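Data first, discussion second: the structure below is written as structure tokens.
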Amino acid sequence: MTFSKDFLDLSRCSKEEIHELLDLAAAYRDGQQPTALKRDVTVANLFFENSTRTVTSFQMAEHRLGLSRFNINPQTSSMKKGESMGDTLKTLQAIGLDLAVIRHSQTAWYKQLEKDPKLAISLINAGDGAGLHPSQTLLDLLTIRTEFGHFEGLKIVIAGDIAHSRVAKSDARLFKELGMQVYFAGPEEWWEDDLAEFGEFLPLDDCLAKVDVVICLRVQLERLNDQSVASFAPADYFHQYGLTEERAAKMKPGAIIMHPAPVNRGVEIASDLVDGPRSRIFTQMHNGVFARMALLTKVLQFRGLMEEK
Amino acid sequence: MTFSKDFLDLSRCSKEEIHELLDLAAAYRDGQQPTALKRDVTVANLFFENSTRTVTSFQMAEHRLGLSRFNINPQTSSMKKGESMGDTLKTLQAIGLDLAVIRHSQTAWYKQLEKDPKLAISLINAGDGAGLHPSQTLLDLLTIRTEFGHFEGLKIVIAGDIAHSRVAKSDARLFKELGMQVYFAGPEEWWEDDLAEFGEFLPLDDCLAKVDVVICLRVQLERLNDQSVASFAPADYFHQYGLTEERAAKMKPGAIIMHPAPVNRGVEIASDLVDGPRSRIFTQMHNGVFARMALLTKVLQFRGLMEEK
Amino acid sequence: MTFSKDFLDLSRCSKEEIHELLDLAAAYRDGQQPTALKRDVTVANLFFENSTRTVTSFQMAEHRLGLSRFNINPQTSSMKKGESMGDTLKTLQAIGLDLAVIRHSQTAWYKQLEKDPKLAISLINAGDGAGLHPSQTLLDLLTIRTEFGHFEGLKIVIAGDIAHSRVAKSDARLFKELGMQVYFAGPEEWWEDDLAEFGEFLPLDDCLAKVDVVICLRVQLERLNDQSVASFAPADYFHQYGLTEERAAKMKPGAIIMHPAPVNRGVEIASDLVDGPRSRIFTQMHNGVFARMALLTKVLQFRGLMEEK
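Top to bottom, those sequences are chains Y, G and A. Okay, so the first sequence: first residue is 1 according to UniProt numbering, each after it adds one. Okay, so the second sequence: first residue is 1 according to UniProt numbering, each after it adds one. Okay, so the third sequence: first residue is 1 according to UniProt numbering, each after it adds one.
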């Protein structure tokens with residue numbers, strides 16, 4: 001494939017395309033100015049799930065590219081009156097919106113919509129249920145490549161609530177394809193066998209000494225009390241599965257800590273580690289803006305809305 | 001009358017003024033650029049009822065005219081603390097807002113406010129309770145005039161929940177004044193005798209073959225279950241009163257289907273008809289932006305905030 | 001002190017600095033254009049409590065200074081998932097926001113944050129719990145100085161729900177320091193002895209004839225029914241403690257009425273007085289924009305983001 005009018009699933013990109021996206025993001029981070037828009041371009045941000053980071057990061061990326069932003073509040077939209085996502089998007093398109101950045105709790109909300117020939121509006125996936133989070137994956141890759149200069153041969157562990165994390169699923173496949181050795185860790189109740197094709201599931205303590213990157217996943221606190229699956233007191237979770245200072249001390253020199261955030265300090269990771277020298281957590285957020293500028297650029301250029309040079 | 005500082009009720013406009021608005025809207029649609037603003041002009045959007053279409057359409061119109069937009073979220077405003085609409089508007093005026101676009105559940109919310117000599121801020125009616133929806137009427141007229149080139153002698157049926165629809169009330173009077181023959185259809189429980197002066201109430205099947213335009217009104221699903229008025233299963237409503245494919249097959253060549261949206265597909269209209277060749281539903285939304293640009297232009301020029309040429 | 005990267009507590013400013021802020025606000029009101037920004041500057045507005053006036057006024061001030069605005073909706077933010085204010089601010093900073101304007105129900109929410117060396121983002125206090133409201137104090141001072149040309153020797157009474165008002169606490173200390181004679185009035189149940197150092201508590205009727213300024217405070221209607229403290233019917237409150245027309249008739253020539261708003265007409269003040277010749281209530285709102293432009297200017301210039309001249 002090449003880039004298209006939508007940006008939905010990063011795993012559809014070839015390795016070369018991923019490196020092209022990362023090169024562009026890194027150039028933006030180094031101060032490269034975006035090319036000019038060919039006309040006024042408008043974007044709607046539709047976040048059906050709570051967000052600070054992703055919605056603000058997308059807005060900043062849009063702002064820096066010179067797009068005109070329209071924030072749609074789903075709490076007061078006609079989808080509250082039962083309008084389908086497809087009809088809402090056709091509406092936005094009829095009103096003149098060029099792009100829609102969407103987060104929705106339904107996994108793969110875009111499956112039918114991307115095939116609809118009447119939908120010319122660009123669909124940007126900002127997170128779909130228990131599915132993917134491609135702009136997060138791209139910023140994770142940017143953070144890792146910036147740190148180590150390459151992906152081949154790196155060892156990485158993704159630790160925590162694997163089953164419910166779109167970060168885990170979004171990232172693991174691509175990490176493997178790009179040549180990294182992936183491990184998974186966390187409570188067995190939250191492991192999913194489907195992911196075995198991308199990496200081995202093992203205790204965090206067994207891989208900490210050899211990995212270059214630890215990605216801690218957010219624990220959804222309400223899930224800690226879900227008796228039907230697994231029940232932990234937060235302190236117990238931290239002690240058994242969290243990245244404590246003792247555990248972090250085993251990490252090798254140069255190894256880094258990442259987290260998609262928001263962080264539960266003292267649950268999945270020790271508070272001091274969040275602000276410590278190994279942490280790239282706020283670096284990830286900084287990189288997120290440039291990663292999103294890059295993917296939006298590819299969509300805009302595919303659409304012919306932005307100069308190539 | 002001529003245009004004024006407010007835009008509240010389209011029926012106050014003369015036929016000539018309505019055609020002047022439609023001419024301007026059509027010119028905007030054809031690519032005419034707005035004249036320049038004389039200074040920075042600011043607008044507040046206050047939507048006290050849910051909306052996607054109208055609020056986004058107004059924002060797009062404001063954007064294209066070069067206005068600076070301020071979105072006020074009524075859910076977190078001081079009206080939650082009991083402040084009256086009048087005091088909220090005086091506040092916005094004191095802060096420097098030039099226009100306020102308002103949707104509110106109270107019918108004729110503007111009645112006292114438009115007479116208040118201390119309110120210099122322009123009031124734009126984006127829907128008042130069971131009252132009017134003048135920008136919707138204007139876009140409906142633009143859609144019809146674009147299709148047929150004129151209004152005189154056209155036959156039109158408005159079908160559905162007449163009693164609770166501000167579209168029905170807003171539109172019917174003007175349709176008649178502009179020379180159209182108006183019919184109403186739908187459940188008798190939702191008919192209102194007051195409207196008889198504008199058109200005849202009869203079964204949809206009796207007028208479909210002769211009309212040029214069918215306007216289906218939205219059924220509010222919660223009202224289908226209101227035992228005190230009339231109770232229908234959605235499928236029964238569709239079968240008895242909806243625009244089914246069988247019914248639509250009776251429409252004459254060139255006749256069109258309109259709907260203010262959001263549509264309940266399979267309740268007031270068959271889903272395939274929404275996307276079919278007779279449908280002008282998404283065209284209406286497209287026209288809505290230009291209709292709103294036109295009415296805002298007249299207000300801005302009346303206020304001396306926008307160049308005449 | 002001099003101005004700093006944050007703007008949290010007006011009482012940290014010297015008299016000279018306060019007059020410098022008021023001079024700048026008055027110059028903006030007279031049409032002085034802001035100096036140029038040195039680069040694109042971004043601001044996030046985070047209002048965790050309902051607001052119309054303050055949030056819109058800050059947005060207008062930001063708009064006039066040429067800042068790029070990002071409105072964060074706390075109802076849909078990650079603080080709903082338990083993220084701390086500190087982590088939210090570090091996130092916004094990592095994303096590239098330069099300033100955060102914050103209203104929060106926690107008194108002195110900024111105490112730890114202002115000392116955090118990792119927080120380079122500017123913190124602007126738009127109201128902290130039962131604490132301070134420095135931009136309100138500044139606009140109150142601007143309104144008084146504009147009226148009388150000076151502060152020394154003026155007599156002022158703050159009347160109403162003293163105990164729960166951040167306006168009372170924010171204002172009283174500064175009023176006294178600037179040379180005004182402060183009185184307090186209202187129900188004894190809502191008086192707080194701590195404030196005695198700033199002024200005498202006495203019946204409103206005893207001071208009305210001698211004061212230059214009456215500041216009526218908003219009564220929170222839900223508090224009128226709080227049996228544990230004091231219980232009043234609104235009409236009784238008005239009769240006993242409110243600014244009725246009879247009471248206002250005792251005010252001396254040239255004396256003015258202020259109120260932070262939103263006003264409960266007929267509870268803390270007679271409705272006709274709100275719109276009458278002594279009222280400066282809407283003048284206060286008008287002044288608020290210029291006061292906020294002034295304080296933001298000082299922050300921006302301290303940060304080196306805005307030209308000095």
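Here a beta-carbon is modelled for each residue, glycine too, at the ideal position from N, C-alpha and C. Bear in mind the structure is a predicted one, so any value in this text is a computation, not a measurement.
Secondary-structure assignment with DSSP links A/Val263 through no beta bridge to anything. For Y/Ala120, the CB contacts under 8 angstroms within the same chain, skipping 5 residues up- and downstream, are Lys5, Gln93 in chain order. By the Cβ rule, the stretch 12-20 of chain A does not count as touching the stretch 30-45 of chain A, because fewer than three pairs are nearer than 8 angstroms.
Neighbours of A/Phe70 in chain Y, taken as residues whose beta carbon is under 7 angstroms from its own, are Thr56, Gln59 in chain order. A/Gln284 sits close to A/Thr143, with the two beta carbons spaced by under 7 angstroms. The residue among Y/His63, Y/Glu177, Y/Asp206 with its C-alpha nearest the C-alpha of Y/Phe184 is Y/Asp206.
Distance from the Cα of G/Val157 is smallest, within the candidate group G/Ile72, G/Leu123, G/Ala248, for G/Ala248. Boundaries of the alpha helix (DSSP H) around A/Ile95: 85-95. Using a CB distance cut-off of 7 angstroms, Y/Glu62 does not count as an interface residue toward chain G. DSSP lists Y/Leu37 as the bridge partner or partners of Y/Met306. At a cut-off of 7 angstroms between C-beta atoms, G/Arg292 does not count as an interface residue with respect to chain Y.
Collapsing the DSSP output to three states places A/Val299 in a helix. Taking C-alpha positions only, A/Glu188 is separated from A/His19 by approximately 34 angstroms. At a C-beta separation below 7 angstroms, G/Ala233 has no neighbours in chain Y, since its nearest C-beta there lies roughly 16 angstroms away. From the beta-carbon of G/Arg173, no residue of chain Y is found nearer than 9 angstroms; the closest lies around 26 angstroms away.
Within its own chain, the residues whose Cβ lies closer than 6 angstroms to the Cβ of Y/Ala270, once the five positions on either side in sequence are excluded, are Thr244, Glu245, listed in chain order. The beta carbons of A/Ala108 and A/Gly86 sit no closer together than 7 angstroms. DSSP, reduced to helix, strand and coil, places G/Tyr241 within a helical segment of the structure shown. The beta carbons of A/His259 and A/Cys216 sit about 5 angstroms from each other, so the pair counts as a contact at 8 angstroms. Within the stretch 95-129 of chain G, no residue places its CB atom closer than 8 angstroms to a CB of chain Y.
CA-CA distance, G/Pro74 to G/Lys80, rounds to 7 angstroms. Scanning chain Y for C-beta atoms nearer than 8 angstroms to the C-beta of G/Asn264 yields Gly82, reported in chain order. Among the residues of the stretch 15-26 of chain Y, none has a Cβ less than 9 angstroms away from any Cβ of chain A.
Of the other Cβ atoms in all chains shown, 16 or more fall within 10 Å of the Cβ of A/Lys169; this residue is therefore buried. Distances from the alpha-carbon of A/Ala261 to those of A/Lys250, A/Leu208, A/Asp275 put A/Asp275 closest. In the three-state DSSP reduction, G/Tyr183 falls in the strand class (E or B).
Residue-level contact check: G/Thr76 touches chain A, since one or more beta carbons of chain A fall below 7 angstroms from its beta carbon. Excluding sequence positions up to five before and after G/Arg53, its CB lies within less than 8 angstroms of the CB of Ala261, Pro262, Met285, Gly288, all in the same chain and listed in chain order. The beta carbon of G/Ala294 sits closer than 6 angstroms to the beta carbons of Leu21, Leu24, Ala25 from its chain, once the five residues preceding and following it are set aside; these are given in chain order. Cβ-Cβ distances below 6 angstroms link Y/Gly186 to Ala159, Gly160, Ile162, Tyr241 in the same chain, with the five nearest sequence neighbours on each side left out; the list follows chain order. In chain order, Ala185 place their CB closer than 8 angstroms to the CB of G/Pro203, counting only its own chain and leaving out the 5 sequence neighbours on each side. When the five nearest sequence neighbours on each side are left out, the beta carbons in the same chain lying within less than 8 angstroms of the beta carbon of A/Ala172 are those of Ile158, Val182, Phe184, Leu195, Phe198, Gly199, in order along the chain. Close to Y/Leu89, with beta-carbon spacing below 8 angstroms, lies no residue of chain G; the smallest spacing is near 10 angstroms. At a C-beta separation below 7 angstroms, Y/Leu92 has these neighbours in chain G: Thr56. Within chain G, the residues whose beta carbon sits less than 7 angstroms from that of A/Asn50 are Thr76, Ser77, Ser78, Lys80, Lys81, listed in sequence order. For A/Phe175, the enclosing alpha helix (DSSP H) covers residues 166-177.
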